[in-house]
Every structure is written in C-alpha cells, then in structure tokens.
Amino acid sequence: MQRKSEELKRRLFEIYDLQSVAELLRWDQTTYMPPGGAAARARQMAMLERMAHEKFVDPAVGRLLDDLRPYEEGLPYDSDEASLIRVVRRDYDKMVLVPAAFVGELESHLAASYESWVRARPADDFAQVQPYLEKTLEYSRRLAGFFPGYEHIADPLIDFRDPGMTVATIRDLFGRLREQLVPIVRAIAARPAVDDSCLQQSFPDAAQWDLSLEVIRKLGYDFERGRQDRTPHPFTTRFSIGDVRITTRIREDDLVEGLFGSIHEAGHAMYEQGIRPELEGTPLADGASDGVHESQSRLWENIIGRSRPFWQFFYPRVQAVFPEQLGQVPLEAFCRAINKVQPSLIRVAADEVTYDLHVIIRFDLEVALLEGRLAVCDLAEAWRERYRQDLGVTPPDDRDGVLQDTHWYDGTIGGSFQGYTLGNIMAAQFYETALSAHPEIPAEIEQGEFDTLRRWLRGHIWQHGRKYTASELVERVTGKPLTIEPYVAYLRGKYGEIYEL
Ligand code: ZN
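Here it is in structure tokens:
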C-alpha cells in the first residue's frame, strides 16, 4: 500500500509542477511579457494545462485510488495521507465526468467571448457580447449536466469553487444577510455623508509603492518566498509554497486602491505561504475554497486594515510619507474616510457594507439564468432593476452595469461570485473566535504587532491547505456551522459607531 501511495504522490507531483509552470507563464503574461508574445504564450499555457489534465484523468490514477481505498479507511480522517487520497478522489471523480473534447470546445469559446467583452465594455455594447453569453449559458448548463443527481443545476458549478456549498445553503445565508444589510444601508444613507476628500489628492506612485511594501512586510508577508509586481488586475499566484507572488495596481489620485489592494493580496498569499511544507507538490497545497481564500484576504484588508488600532500604529508613518496631503488630517477623519459607505455601481470599488449586495445580485441573477427564469437578452435590464431596488442607484449604461466584471465573459455562469461574500461571513466568524482566544490582539495591532493573530491563523487555518472543506474547517475552528451573526454584529458595531446609528 505504501508503494501505491508513493506512486500516486509521484504522479501528483508531476501534475503540480506542470500546473505551476503554466502559472508562471500566466504571471509573466500579465506582468512583463511584451505584447508580441501573446499568441505563442496562449498556445504554451494551453499545452501545459492539457498535459496536466491528461495526466490527472489517466485511468491509472483511478485504479490507484481504488486500490488505496482500504488503506485510506484504516487511517485517521485528518491524517495527511487519508486527506490526500480523499481530496484527490473527489477531484478525480469530478474531472473524469467531463469529456476532454468539451473542455477544449468550452475553452476556445471562452477565449473568443473574452475578446468580445474586451471590445464591448469600453463601447458600452452589450448586444455585441450577448450571443457569446447565450452560448456560455448553454455550455454552463451542459457542464452541470455531466453531474447527474444534483438538487439544483447550479450546485455542480458552485462545487468547483466552493466544494460542499449548494444553492440552497447559499440562498439561505444570502437571503438573511440581505435582509440585514438593506436597512443598514438605508439608515446610513439618511445620515450626513462622510468627507473622504483627504483620500482624493495626489499621492506619488513611488511613495505609494514603498509604503505598500512596508505595510505588507510588517503584516508578515514573507518576501523571501514572494514578491510584489504590477498588473492592471491584481491577483495572487503560487508556483510552490516557497514562491507565492502578488500583484497590485497604484493610482496617483487615490491612496486607497493600491494600499488596500496590496493588503488584500498579501492576505491571500500569507494563507498559501502558511501551508505546511509537508503538503508541497500535492493538491492539498492550495486554499480550501474560494470562500476560505477570500476570508483571509478580506480579514486582513477590512477587519484589520480598516480598523482603528491598525491606523493608530500606521497613520503617523503614512503622514510622514505624505506630510502635505495628510499632515493636517486627524486620525479620526482618516479612519472615517477609509470606511465611507456609499451605494455605488462598481463592485470592486464598493465599501464593506454595500459590497455583499453587489455579490448577492450577481448570485441571484446567475441562478435565474441557469434555471431558465431569466433570458440573456433581459439580463441588462434585470441588472438595472436589482441595483435600483437593493442599492438605490441605477447604472446609466451597461459599461458600469452588467459588463463590469470579467467573470461571465471569461468563465462559466454559476459559482463565480458567491465566494466573495462567503469569505466575508467566514472572516468575521474566524476573527471572533481568534479574539475570544486572544483578546489581546487589538492592543498588539495598535503596537504594530501581528504575530499572535498570524500564529492563530496559521495554526487553525493556513497550515491545513485543502485538507478540509470550508464547512469542516469552519466547524473545526469555530465550533459552529457557518453563520452570518458575527459578520452582522461586526458591521453593526463598526458602522453604528461611525454613522451614529
Ligand atoms: Zn481576493
């Protein structure tokens, strides 16, 4: 058995390396590659991904998994060995159901769809992408169809990104969250607006860049095992546990986007840097799900990065870097500015309170599309209507409406948005647990000390990689199933104070 387990790991390591090389090519493509490299690069990445896929769905892997079943059953559930076999079997059983020809067809369709979106968005031309989107919807339904026995057609699609989650559980969580959020947003709208003009001055690029490096180094992002570069759309990527990179985008007329973007990506990256080295080279060396990953980035970005203790430490430093811009702005005013709530059209620029409403709208719309209750030709109007209802703002065009996110244009429909809000909900539940174990955390943060929090996160979440599903992890770490209460309490407490609700 030991020999078969070693054989499985050897095969997995090869796949991991192929995927990591593909990731490296993708990282280069979005950071340093000259435009002339585009065509060859797309071909090279596609080849590596195909090789990795073929190696994984090889029937020999299925036979090894079958042979290893009694061995797995004799091991403790949370051992590395049993977890590896369990997680790989789950992936394998899913992957083998999707024919390779379908995957190829879908990928070339999505490449064409993305190309069309790149032209359609600046031109505010939804009609141009509509036929592509109709086809994507058809492909998404077909993809779900490879997994018979589901309760809801979106379930298998959600399962790719947030394993174990279903439309029923998410609808329940999101429905209750929306009921809480809409009145908070209304109450805030009735209060005087917060003045955030101090953030919209000119902040030279080089100083912002250095500041972002200083902040994330202090949080604990390890530059011996990572680096930061620039891209138009920031992301985190991993080539091994020893090399987890982040990217950021800086705008001189806005201090917030670059700095909080860096903190967000560093949150993702610290998670991956914190995976136990023993899991390297296996499918366990990854985040547990979209939601858990996002819980880590948003915990650092919002719960920590937009908190008063954090700025009690960092604000004097930022004032020293930008004395003309912020020298006369008191800490209190700065903290209010970075937490300003204002219903807006764009998800990625949304504040903490309205952010989830953007996500819930997208989730509901994609479920309606998959169910056949909503036609693609009515999507733009349905989008406008929901923004009117939930956020009280109406997109004047589709550019800042239905065309704003890449998700539906370069990926399938279903499952691509819920992770953001699941992450927010989890982040608050995790942090509440960390605080009850270590009430000293905020006082340490005031001193620029993040060790206790980081050690807690590594011990309870990061080190496990993908061993546990999100639900298992939440239960193990917090002793409770996922619930919106800590998140709602956090939002009420923080924004109740800022807006004197
Ligand atoms: Zn993220």
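In terms of the numbering used here, the sequence shown has 417 at position 191, counting the first letter as 1, and numbering is strictly consecutive.
Beta carbons are placed, not taken as given, at the ideal position from N, Cα and C, and that holds for glycine.
- Membership of R464 in the beta strand (DSSP E) is indicated by the continuous run T462 to S466.
- Contact between the segment 401–416 and the segment 451–463 is not established, with fewer than three Cβ pairs separated by less than 8 Å.
- About 6 Å separates the Cβ atoms of Y694 and A514, confirming a contact at the 8 Å cut-off.
- Of the other Cβ atoms in all chains shown, fewer than 16 fall within 10 Å of the Cβ of Y258; this residue is therefore exposed.
- Relative to the non-hydrogen atoms of ligand 1, the Cβ of S515 never comes closer than 7 Å to any of them.
- Under DSSP, R477 forms a beta bridge with D480.
- In this structure, ligand 1 has no non-hydrogen atom nearer than 7 Å to the beta-carbon of H633.
- Between S366 and I639, the beta carbon gap of about 4 Å places them in contact (Cβ cut-off 8 Å).
- Collapsing the DSSP output to three states places I311 in a helix.
- Under the 8 Å Cβ criterion, the segment 281–297 counts as touching the segment 229–239, having at least three qualifying pairs.
- Remark: the C-beta of S428 is outside contact range of ligand 1, defined as less than 7 Å to any heavy atom.
- Secondary-structure assignment with DSSP links I472 through a beta bridge to Q454 and T462.
- Exposure of R614 is indicated by the presence of fewer than 16 other C-beta atoms within 10 angstroms of its C-beta.
- Counting only the Cα atoms, V518 lies some 15 Å from Q499.
- By the neighbour-count criterion, in which a residue is buried when 16 or more other Cβ atoms sit within 10 angstroms of its Cβ, D582 is buried.
- Runs of the alpha helix (DSSP H) lying entirely within the segment 385–428, each at least 4 residues long, are 393–415 in chain order.
- DSSP, reduced to helix, strand and coil, places M227 outside both helices and strands of the structure shown, so it counts as coil.
- Per DSSP, the continuous alpha helix (DSSP H) segment holding Q522 begins and ends at D516 to R524.
- Closest in alpha carbon position to L571, among V585, N565, A559 and A563, is V585.
- Under the 10 Å beta carbon count, M391 is surrounded by 16 or more other beta carbons and is classified as buried.
- Between the alpha carbons of Y303 and P668 lies a gap of roughly 35 Å.
- Taking C-beta atoms as the reference points, R368 and Q354 fail to come closer than 8 Å.
- Spanning the alpha carbons of S309 and P509 requires a straight line of approximately 10 Å.
- Cβ neighbours of D636 within its own chain (closer than 6 Å, five residues either side excluded): L336 and Y340.
- The C-alpha of D469 lies about 5 Å from the C-alpha of G452.
- In the DSSP annotation of this structure, the continuous segment of the alpha helix (DSSP H) that includes K361 starts and ends at F352 to G371.
- Going by DSSP, D436 is part of the alpha helix (DSSP H) stretching over D431 to L445.
- Within the same chain, Cβ atoms closer than 7 Å to the Cβ of D480 are found at L425 and Q426, the five residues on either side in sequence being excluded.
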